[in-house]
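Asks: This structure is in structure tokens; I'll ask about it shortly.
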Amino acid sequence: MVKSYFSHAGQKGTVLIMAAVLLPLILMLCGMVIDIGRAFAFKSEINRACMISAEEASKEINIDIAQQLGSSTLSGNYGDLINRFFYQNIRQTDNASIKSTGFSVTDSVNLPKYINVYATAEINCFFLKFIGIESITVNSHGCGRLKRISGRQNTIFSLIQL
Amino acid sequence: MQFNLTKFKKIMKHFRPDMPYCFFIINRFLNNKKKRNAFTAKLLVPIIFLSVFVILSFTYPGTLYCDNWLKADLQENNLVWIDTSHWETKSIYVSDGYYKNIEKKRWVDTSHTVSQGYWKTGEYRVWVESSSVVPYTYNRYVDTSHWETITSYAEVQKPVFFSVIFGTDSYGWSVYSFASKAKGMKQVIYKGEKYLVNVFVIDYRPARGGQVYAVKYVFIIKFVEEKRVSTKWVSSGYWQTYTAYKTVDTSHWETGTGRHWVDTSYTVNSGYWEEYTERQWVDTGHYSESRVWVNSGHYGQPLHGKVTVNKSPEYIFTRWHRDSGGKDCGMDLEVSWEIDNSMLAEGEPEKKISRVYIYQETVRYKERGIVKTVLENKQVGPSALGEVKTFSSFDYAGSQDSILHIYLYALSGEVVHVYFSNPVNGFRSINIDYSGTSSGPEDFLGGDCYGEVIF
Numbered sequence: 002m003v004k005s006y007f008s009h010a011g012q013k014g015t016v017l018i019m020a021a022v023l024l025p026l027i028l029m030l031c032g033m034v035i036d037i038g039r040a041f042a043f044k045s046e047i048n049r050a051c052m053i054s055a056e057e058a059s060k061e062i063n064i065d066i067a068q069q070l071g072s073s074t075l076s077g078n079y080g081d082l083i084n085r086f087f088y089q090n091i092r093q094t095d096n097a098s099i100k101s102t103g104f105s106v107t108d109s110v111n112l113p114k115y116i117n118v119y120a121t122a123e124i125n126c127f128f129l130k131f132i133g134i135e136s137i138t139v140n141s142h143g144c145g146r147l148k149r150i151s152g153r154q155n156t157i158f159s160l161i162q163l
Numbered sequence: 019m020q021f022n023l024t025k026f027k028k029i030m031k032h033f034r035p036d037m038p039y040c041f042f043i044i045n046r047f048l049n050n051k052k053k054r055n056a057f058t059a060k061l062l063v064p065i066i067f068l069s070v071f072v073i074l075s076f077t078y079p080g081t082l083y084c085d086n087w088l089k090a091d092l093q094e095n096n097l098v099w100i101d102t103s104h105w106e107t108k109s110i111y112v113s114d115g116y117y118k119n120i121e122k123k124r125w126v127d128t129s130h131t132v133s134q135g136y137w138k139t140g141e142y143r144v145w146v147e148s149s150s151v152v153p154y155t156y157n158r159y160v161d162t163s164h165w166e167t168i169t170s171y172a173e174v175q176k177p178v179f180f181s182v183i184f185g186t187d188s189y190g191w192s193v194y195s196f197a198s199k200a201k202g203m204k205q206v207i208y209k210g211e212k213y214l215v216n217v218f219v220i221d222y223r224p225a226r227g228g229q230v231y232a233v234k235y236v237f238i239i240k241f242v243e244e245k246r247v248s249t250k251w252v253s254s255g256y257w258q259t260y261t262a263y264k265t266v267d268t269s270h271w272e273t274g275t276g277r278h279w280v281d282t283s284y285t286v287n288s289g290y291w292e293e294y295t296e297r298q299w300v301d302t303g304h305y306s307e308s309r310v311w312v313n314s315g316h317y318g319q320p321l322h323g324k325v326t327v328n329k330s331p332e333y334i335f336t337r338w339h340r341d342s343g344g345k346d347c348g349m350d351l352e353v354s355w356e357i358d359n360s361m362l363a364e365g366e367p368e369k370k371i372s373r374v375y376i377y378q379e380t381v382r383y384k385e386r387g388i389v390k391t392v393l394e395n396k397q398v399g400p401s402a403l404g405e406v407k408t409f410s411s412f413d414y415a416g417s418q419d420s421i422l423h424i425y426l427y428a429l430s431g432e433v434v435h436v437y438f439s440n441p442v443n444g445f446r447s448i449n450i451d452y453s454g455t456s457s458g459p460e461d462f463l464g465g466d467c468y469g470e471v472i473f
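In the order they appear, the protein sequences are chains H and P.
For the first sequence, the working numbering begins at 2 and goes up steadily by one.
For the second sequence, the working numbering begins at 19 and goes up steadily by one.
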């Protein structure tokens, strides 16, 4: 009797070994997708908060100066307003934290062209920490501008920055 | 300045009698190069300045009676239209109605005649129609009245003047005329015609003997017989008897014997009530009280005086924005007037402002119409000097075409109309691309706060 060259008799248990080796890899891949997805979702959230706070702050002008001089000078509390609107539009969660926020006024506070609001957040990883990645840092940015009501057509940019 | 005779003679050498003096001077200057340059500079510089002023005046014309901000449509000696248009409640007839179906009944007559009969043998009565012509005597009046021609003759008198002498000739009569005596008037027949004559007779016996006897007839009237024809209506007639004929109906019943038709036809009266639907118009027209805009107004004489407008703040915002005190944004307006009564004619009553009407026409953006906001509309104590203070807020933002109108009405009917551009600002914020924009910061419209207008 001739013994088959392709006999599987000597390969029993290979699948199990393969599965044992690949399963953690697949799980890690899935975990990475989940963690990165969470990071993207949170980035979108802070982007929205940046936009809202920039928009709200840009119309926080000193109305007394506007009534007297006709110019759009930012009022003194526009920075507080940015923080207030930013944090009002962020969900407090244990697994993500705002590391830093910032804003800048283009040109000057007396004659502002537009306001930029920046934010940096850190999202704790669930699965990637098994490979040594504890967290993902995301940055976002919103820009707002004051617009006098007029007959001109306004273009509103909706920004979703990832 | 001394008179230099030599110089004058030198100047006058160039003088031509037909040249105006100014041109003579110019000519003299132009003959000298240095003076020509100086003259050109002196002449051209004012011309250039004057040209610039004239061009600017035409390019940017200013209002005659006020500055560019505050305007008045009053013009000297021109009548001003006083708009008294208003809403009026009027009774207007509204034509209205509807069709209504009414159920009615009507009689449908189905009566009919049943034709029947039978043949019968025996006596029967039949109506025979006949007639006959009967003579009769008739009297009638024959009228013979007519016009009759009547001829008559009448004697008329016609004056004549001739005379006939018997017994001498006209010479002889003139010789012895001294002895003529009138014998009166007398009717004579001469040549078959009848005359009335005066008769003169000479019966003279001269001394030498003999007798002169002559008769003279002076004819004065001629009797002429004239034929006269006239017509006369003569009533006449007579009764005439004649024979006439007339038709007499001799129809009668006759009795016959034989087979004849006996008609027993009869009429059956029948019918029924039928229900039907009639479409009837129900008129519900009525008078309705409705508000109607009545265009009215009149022309008034202009006033003279000054109106001062003080607006605060300079830039107006809608009431949706709040100032630092947390109050709605708005506008304080102070209008004061001072009527100049110094130019009144003698006996003319003093002109006083009795009513103030201030309103804003806000021209909304994107052609959303004009919003009228009444700031003040009230009667004030008649005065030549007064002021009104108002505060008002605006719902909508408006362009620079938005006008604030101030009407001051005088007791005597005159009106002052002052107006100015009063844009209303509004703002909001937008998100823009993170790369920013090159557009500059927003400025607001307005900026005027004080103005005077003299009219």
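Glycine included, C-beta positions come from ideal geometry on N, C-alpha and C.
Compare the beta carbon distance of V381 of chain P and G416 of chain P with 7 Å and say whether it is the shorter of the two.
Replies: As a position in the second sequence, residue 381 of chain P is number 363, starting the count at 1. As a position in the second sequence, residue 416 of chain P is number 398, starting the count at 1. Yes. Within cutoff.
Asks: Below 8 Å between beta carbons is the criterion; list the residues of the stretch 78-110 of chain H that meet it against any residue of chain P, in chain order.
Replies: T107, D108
Asks: Using DSSP bridges, identify the partner residues of K199 of chain P.
Replies: Here residue 199 of chain P is taken as the residue at index 181 of the second sequence, counted from 1. Bridge partners of K199 of chain P: P:V219.
Asks: Can you tell me whether DSSP reads D350 of chain P as helix, strand or coil?
Replies: Numbered from its first residue, the second sequence carries residue 350 of chain P at position 332. DSSP places D350 of chain P in strand when its eight states are reduced to three.
Asks: Taking just the CA atoms, how far does G404 of chain P sit from I472 of chain P?
Replies: For this step, residue 472 of chain P is matched to residue 454 along the second sequence. For this step, residue 404 of chain P is matched to residue 386 along the second sequence. Answer to the nearest angstrom: the Cα atoms are 15 Å apart.
Asks: Which chain P residues are close to D36 of chain H, counting only those with a beta carbon under 7 Å from its beta carbon?
Replies: Within the first sequence, the letter at position 35 stands for residue 36 of chain H. The contacting residues do not exist; D36 of chain H stays about 26 Å from chain P at best.
Asks: Which one of P:T139, P:S314, P:P64, P:W355 has the shortest CA to CA distance from V406 of chain P?
Replies: Translated into positions along the second sequence, residue 406 of chain P becomes position 388. Checked all of P:T139, P:S314, P:P64, P:W355; the closest Cα to V406 of chain P is P:W355.
Asks: Can you tell me the Cβ-Cβ gap for Y427 of chain P and V433 of chain P, rounded? I've got them flagged as a contact below 8 Å.
Replies: For this step, residue 427 of chain P is matched to residue 409 along the second sequence. For this step, residue 433 of chain P is matched to residue 415 along the second sequence. Contact holds; Cβ gap of about 5 Å.
Asks: Along the alpha helix (DSSP H) that carries R49 of chain H, what are the first and last residues, could you check?
Replies: As a first step, residue 49 of chain H must be located in the first sequence, where it is residue number 48. Run containing R49 of chain H: 15-59, per the alpha helix (DSSP H) assignment.
Asks: Should M203 of chain P be labelled buried (16 or more other beta-carbon atoms within 10 Å of its own) or exposed?
Replies: Position 185 of the second sequence, counting from 1, holds the residue named residue 203 of chain P. Its Cβ having fewer than 16 others within 10 Å, M203 of chain P is exposed.
Asks: Classify Y194 of chain P as helix, strand or coil using the three-state DSSP reduction.
Replies: On the second sequence, position 176 is the one that residue 194 of chain P refers to. Y194 of chain P: coil per DSSP, three-state reduction.
Asks: Verify whether the separation of the beta carbon atoms of E173 of chain P and F241 of chain P is less than 7 Å.
Replies: The sequence position of residue 173 of chain P within the second sequence is 155, counting from 1. The sequence position of residue 241 of chain P within the second sequence is 223, counting from 1. Yes, they are a contact pair.
Asks: Please report whether the beta-carbon of Y119 of chain H lies at a distance below 7 Å from any beta-carbon of chain P.
Replies: Taking the first sequence and counting its residues from 1, the one referred to as residue 119 of chain H is at position 118. Taking Cβ atoms only, chain P never reaches closer than 7 Å to Y119 of chain H, which makes this a no.
Asks: According to the Cβ coordinates, are F86 of chain H and S54 of chain H closer than 7 Å?
Replies: Stepping through the first sequence from its first residue, residue 86 of chain H is reached at position 85. Stepping through the first sequence from its first residue, residue 54 of chain H is reached at position 53. Yes. Within cutoff.
Asks: Which same chain residues end up closer than 8 Å to V286 of chain P when comparing Cβ atoms and leaving out the 5 residues on each side of it in sequence?
Replies: As a position in the second sequence, residue 286 of chain P is number 268, starting the count at 1. Excluding positions up to five away in sequence, the list reads S129, H130, T131, V132.
Asks: Run through chain P and tell me which residues come within less than 8 Å of I47 of chain H, C-beta to C-beta.
Replies: Here residue 47 of chain H refers to the residue found at position 46 when the first sequence is read from its first residue. By Cβ distance, chain P contributes nothing, its closest Cβ being about 14 Å from I47 of chain H, past 8 Å.
Asks: Would you decide whether S192 of chain P is buried or exposed? Buried here means 16 or more other CB atoms lie within 10 Å of its CB.
Replies: Counting from 1 along the second sequence, the entry for residue 192 of chain P is found at position 174. Burial call: exposed.
Asks: So, helix, strand or coil for K148 of chain H, using DSSP?
Replies: As a first step, residue 148 of chain H is located in the first sequence; it is residue number 147 there, counting from the start. DSSP places K148 of chain H in strand when its eight states are reduced to three.
Asks: Going by alpha carbons, who is nearest to G444 of chain P out of P:E460, P:F438, P:G431, P:G315?
Replies: For this step, residue 444 of chain P is matched to residue 426 along the second sequence. Of the candidates P:E460, P:F438, P:G431, P:G315, the one whose C-alpha sits nearest the C-alpha of G444 of chain P is P:E460.
Asks: Please look up how many angstroms separate the CB atoms of D466 of chain P and W105 of chain P, rounded, as I've assumed it's under 8 Å.
Replies: Residue numbering aside, residue 466 of chain P sits at position 448 when the second sequence is read from its first letter. Residue numbering aside, residue 105 of chain P sits at position 87 when the second sequence is read from its first letter. With a Cβ gap of about 33 Å, D466 of chain P and W105 of chain P do not count as contacting.
Asks: On the criterion of 16 or more Cβ atoms from any shown chain inside 10 Å, does Y171 of chain P qualify as buried, or is it exposed?
Replies: Locating residue 171 of chain P in the second sequence gives position 153, where the first residue counts as 1. By the neighbour-count rule (16 or more Cβ atoms within 10 Å), Y171 of chain P is not buried but exposed.
Asks: Could you check where the alpha helix (DSSP H) with F86 of chain H kicks off and where it finishes?
Replies: Translated into positions along the first sequence, residue 86 of chain H becomes position 85. Counting along the chain, the unbroken alpha helix (DSSP H) around F86 of chain H starts and ends at 79-89.
Asks: So, for Y13 of chain P: in the same chain, excluding its five sequence neighbours on each side, which residues have a beta-carbon less than 7 Å away from its beta-carbon?
Replies: Outside the shown range of chain P (19 to 473) lies residue 13 of chain P, about which nothing can therefore be said.
Asks: If you measure from the beta carbon of A122 of chain H to each beta carbon in chain P, is any gap under 7 Å?
Replies: Taking the first residue of the first sequence as position 1, residue 122 of chain H is located at position 121. No, no contact with chain P.
Asks: For Y468 of chain P, which residues from the same chain have a beta carbon less than 6 Å from its beta carbon, with the 5 sequence-adjacent residues on both sides left out?
Replies: Locating residue 468 of chain P in the second sequence gives position 450, counting from the first residue. Taking Y468 of chain P as the centre and dropping the five residues before and after it, the same chain places the C-beta of N328 closer than 6 Å to its C-beta, in chain order.
Asks: Do we get a CB-CB distance below 7 Å when we pair E379 of chain P with the residues of chain H?
Replies: Start at 1 with the first residue of the second sequence, and residue 379 of chain P comes out as number 361. Closer than 7 Å: no.
Asks: Grouping DSSP H, G and I as helix and E and B as strand, with all else coil, what is G143 of chain H?
Replies: The residue you call residue 143 of chain H lines up with position 142 of the first sequence. G143 of chain H falls in the strand class under three-state DSSP.
Asks: DSSP state of F409 of chain P, grouped into three classes?
Replies: Taking the first residue of the second sequence as position 1, residue 409 of chain P is located at position 391. Looking at F409 of chain P - three-state DSSP - the assignment turns out to be strand.
Asks: Are at least three pairs of beta-carbons, each pair with one atom in the stretch 226-244 of chain P and one in the stretch 182-192 of chain P, less than 8 Å apart?
Replies: yes
Asks: For R223 of chain P, which residues of its own chain have a beta-carbon under 6 Å away from its beta-carbon, when the five flanking residues on both sides are left out?
Replies: Taking the first residue of the second sequence as position 1, residue 223 of chain P is located at position 205. If we look at R223 of chain P and ignore the five residues flanking it on each side, its Cβ neighbours are Q229.
Asks: Give a yes or no on whether the C-beta atoms belonging to I137 of chain H and A97 of chain H are separated by under 7 Å.
Replies: Here residue 137 of chain H refers to the residue found at position 136 of the first sequence. Here residue 97 of chain H refers to the residue found at position 96 of the first sequence. No, the pair does not count as a contact, with Cβ atoms beyond the cut-off.
Asks: Using 8 Å as the Cβ pair cut-off and three pairs as the minimum, do the stretch 291-311 of chain P and the stretch 28-48 of chain H touch?
Replies: no
Asks: Looking only at its chain, what residues have a beta carbon closer than 7 Å to the beta carbon of F462 of chain P, apart from the 5 residues adjacent to it on each side?
Replies: Locating residue 462 of chain P in the second sequence gives position 444, counting from the first residue. Y333, N443.
Asks: Output the boundary residues of the beta strand (DSSP E) element that contains Q397 of chain P.
Replies: Within the second sequence, the letter at position 379 stands for residue 397 of chain P. Element bounds for Q397 of chain P: 388-401.
Asks: Could you tell me if G323 of chain P is buried or exposed, where buried requires 16 or more neighbouring beta carbons within 10 angstroms of its beta carbon?
Replies: The count along the second sequence starts at 1 and reaches residue 323 of chain P at position 305. The residue in question, G323 of chain P, is buried, as its Cβ has 16 or more Cβ neighbours within 10 Å.
Asks: Say whether chain P places a C-beta atom closer than 7 Å to the C-beta of L1 of chain H.
Replies: A query on residue 1 of chain H cannot be resolved here, the shown segment of chain H reaching from 2 to 163 and no further.
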